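Protein chains in written order, with the UniProt record's numbering: chain A, 1 to 249; chain B, 1 to 249. Quick notes on the structure that follows.
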DNA sequence: ACAAAAGTGTTGTTTCTACACCCATGC
DNA sequence: GCATGGGTGTAGAAACAACACTTTTGT
């Protein structure tokens, strides 16, 4: 048999929601769409799935082509499939999300396509249903980060406890008690303190920490509790796949 | 513009992992594939995405066509996309999973296609990558059920605490202390005791309970803890989307 | 009367939250 | 010397796990 008869074939796009954190705000990486329709409007990093690649491979390829980044934390999130989501023709939109160290990106920036960071709180209008993809990513991120140490993916190799705390406070838009927070994080053993201090933000300076890779991977499956239970946002439902894959370039 | 040029269109299939529980064992609903290749081999409930329907709609349609069931708990799980996963041609496999009350199904059984229940522990060989889909579903179910009261979807309207406990014990293959278990479950307020008892399994009889819909939906987002923390299987990673949608037929 | 399953309470341990002061430094 | 942000400890409350006996009733 050569093919299935009487069935409709359709395009499959991969759209990557690329999230960064600059120490203060969550940022989203957007690009100006290079072709019609909606040419020059802001869009997620996207492209069409090619015949010889899997979705994971396509997501990596697209991210690399548009940003120059590899070896980034990435997950398949959800398929958006409304028949008219793309006005041109039927396109199934597979959403992936990526968490990246924004400074790492600054180095490797491939600005041929001039992607741009926008503050998550003030995004421009996005094409098609891309805003839905972003919304779902944030929901997923809030859910997952409440249970697993995923946010470390957004930080540079060396980071401080105050930085980490701001990261969590920003995601849930809540204040967190620093004593309880540091006790919880340190008790897991996933980070270790360095001699060195970051003096850029205070006179006293804050100790740098680094991730313990082994402990990090071990803890990843465990259900943690960095966020006070009552603060886990009710909008966050359940659901999840398990696929925390560190895609390898 | 009429269509995107120079891009490859492909088939999209929807495959439903339909899970039931008969009071003792987890069961999987399989069907004998109706067309070549692999005709008459055991397969998940599947079909091709049609031009006018979304994936959610396709999943509902397929489940209904093959089993006669509507209004069933269903989630989009993951897209399987290896280029050669179907030997005939490129097909993107969208996996959904459904949890159903097996007795409800017995009533509404549409046996035109003769689907068959198999014990999860002794499945026949499945076509293509369907076993991977089942494996991922179980992983997801174990993860999610440890945090959210999702397993109630597998029980009939009226059920007993011993039944519920067997359901949890079976999923994780662990024994659970019935005193702690009942205290935890009851303290959430998601079920209420009826006068009536189930005397089919003991002389003394076990009280029937029913779900409190309001409380159930309210609790659904909360992170629960029916399973002792150390028993949450380490194989279960993180990841999830949030999409606990009760698809409406 | 006894076997089989259902139901229920207590205790010690751990984990959580709430909360306030001293420290180090650059200016 | 003082303002700024960084670091640390304790105590009361809540949640958890471990554990064993009594109840019901069909035979």
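A virtual CB, placed ideally from N, CA and C, is assigned to each residue, including glycine. Everything numeric in this text was worked out from a predicted model, so none of it was measured.
CB contact flag (residue i, residue j, <8 Å)
i: residue 54 of chain B; j: residue 83 of chain A; result: yes
i: residue 188 of chain B; j: residue 17 of chain B; result: no
i: residue 163 of chain B; j: residue 151 of chain B; result: no
i: residue 191 of chain A; j: residue 212 of chain A; result: yes
i: residue 12 of chain B; j: residue 94 of chain B; result: yes
i: residue 19 of chain A; j: residue 115 of chain A; result: no
i: residue 75 of chain B; j: residue 105 of chain B; result: no
i: residue 29 of chain B; j: residue 45 of chain B; result: yes
i: residue 3 of chain B; j: residue 89 of chain A; result: yes
i: residue 141 of chain B; j: residue 186 of chain B; result: no
i: residue 40 of chain A; j: residue 85 of chain A; result: no
i: residue 144 of chain B; j: residue 25 of chain B; result: no
i: residue 27 of chain A; j: residue 119 of chain A; result: yes
i: residue 149 of chain B; j: residue 216 of chain B; result: yes
Straight-line gap, residue i to residue j (C-alpha atoms, nearest Å)
i: residue 147 of chain A; j: residue 165 of chain A; result: 15 Å
i: residue 203 of chain A; j: residue 80 of chain B; result: 52 Å
i: residue 210 of chain B; j: residue 220 of chain B; result: 16 Å
i: residue 173 of chain B; j: residue 77 of chain B; result: 23 Å
i: residue 126 of chain A; j: residue 42 of chain A; result: 5 Å
i: residue 206 of chain A; j: residue 101 of chain A; result: 20 Å
i: residue 70 of chain B; j: residue 98 of chain B; result: 11 Å
i: residue 169 of chain A; j: residue 175 of chain A; result: 6 Å
i: residue 123 of chain B; j: residue 182 of chain A; result: 47 Å
i: residue 56 of chain B; j: residue 225 of chain B; result: 30 Å
i: residue 47 of chain A; j: residue 195 of chain A; result: 45 Å
i: residue 52 of chain A; j: residue 91 of chain A; result: 18 Å
i: residue 160 of chain B; j: residue 198 of chain B; result: 7 Å
i: residue 65 of chain B; j: residue 135 of chain B; result: 24 Å
i: residue 7 of chain A; j: residue 21 of chain B; result: 34 Å
i: residue 218 of chain B; j: residue 38 of chain A; result: 40 Å
i: residue 236 of chain B; j: residue 60 of chain A; result: Note that residue 236 of chain B has pLDDT 41, beneath the 50 cutoff, so the model's placement of it is unreliable and the number below is only indicative. Their backbone Cα atoms lie some 24 Å apart in a straight line.
i: residue 177 of chain B; j: residue 167 of chain B; result: 13 Å
i: residue 201 of chain B; j: residue 133 of chain B; result: 35 Å
i: residue 62 of chain B; j: residue 1 of chain B; result: 33 Å
Run of the beta strand (DSSP E) containing residue i, from where it starts to where it stops
i: residue 198 of chain B; result: 191 to 198
i: residue 15 of chain A; result: 11 to 21
i: residue 46 of chain A; result: 45 to 48
i: residue 34 of chain B; result: Here residue 34 of chain B belongs to no beta strand (DSSP E), and DSSP marks it neither H nor E.
i: residue 212 of chain A; result: Counting along the chain, residue 212 of chain A falls outside any beta strand (DSSP E), and DSSP gives it neither H nor E.
i: residue 79 of chain B; result: 73 to 80
i: residue 92 of chain B; result: 91 to 99
i: residue 116 of chain A; result: 116 to 119
Residue i classed as buried or exposed, judged by whether at least 16 other C-beta atoms fall within 10 angstroms
i: residue 58 of chain A; result: buried
i: residue 153 of chain B; result: buried
i: residue 15 of chain B; result: buried
i: residue 35 of chain A; result: exposed
i: residue 67 of chain B; result: buried
i: residue 131 of chain A; result: exposed
i: residue 193 of chain B; result: exposed
Chain B within 8 Å of residue i, Cβ atoms only
i: residue 65 of chain A; result: no
i: residue 190 of chain A; result: no
i: residue 12 of chain A; result: yes
i: residue 73 of chain A; result: no
i: residue 246 of chain A; result: For residue 246 of chain A, the pLDDT reaches just 34, beneath the cut-off of 50, and the residue's location in the model is therefore unreliable, although a value from the coordinates is still provided. Chain B, which has no Cβ nearer than 8 Å to the Cβ of residue 246 of chain A, makes this no.
i: residue 43 of chain A; result: no
i: residue 130 of chain A; result: no
i: residue 169 of chain A; result: no
i: residue 105 of chain A; result: no
i: residue 208 of chain A; result: no
i: residue 89 of chain A; result: yes
i: residue 239 of chain A; result: For residue 239 of chain A, the pLDDT reaches just 39, beneath the cut-off of 50, and the residue's location in the model is therefore unreliable, leaving the point undetermined.
i: residue 38 of chain A; result: no
Chain A within 8 Å of residue i, Cβ atoms only
i: residue 214 of chain B; result: no
i: residue 243 of chain B; result: Annotation note: pLDDT 33 at residue 243 of chain B (below 50); position unreliable, coordinate value reported separately. Output row for residue 243 of chain B: interface = yes.
i: residue 18 of chain B; result: no
i: residue 187 of chain B; result: no
i: residue 55 of chain B; result: yes
i: residue 82 of chain B; result: yes
i: residue 61 of chain B; result: no
i: residue 133 of chain B; result: no
i: residue 78 of chain B; result: yes
i: residue 4 of chain B; result: yes
i: residue 70 of chain B; result: no
i: residue 50 of chain B; result: yes
Limits of the unbroken alpha helix (DSSP H) element including residue i
i: residue 59 of chain B; result: 55 to 67
i: residue 180 of chain B; result: 178 to 188
i: residue 132 of chain B; result: 130 to 147
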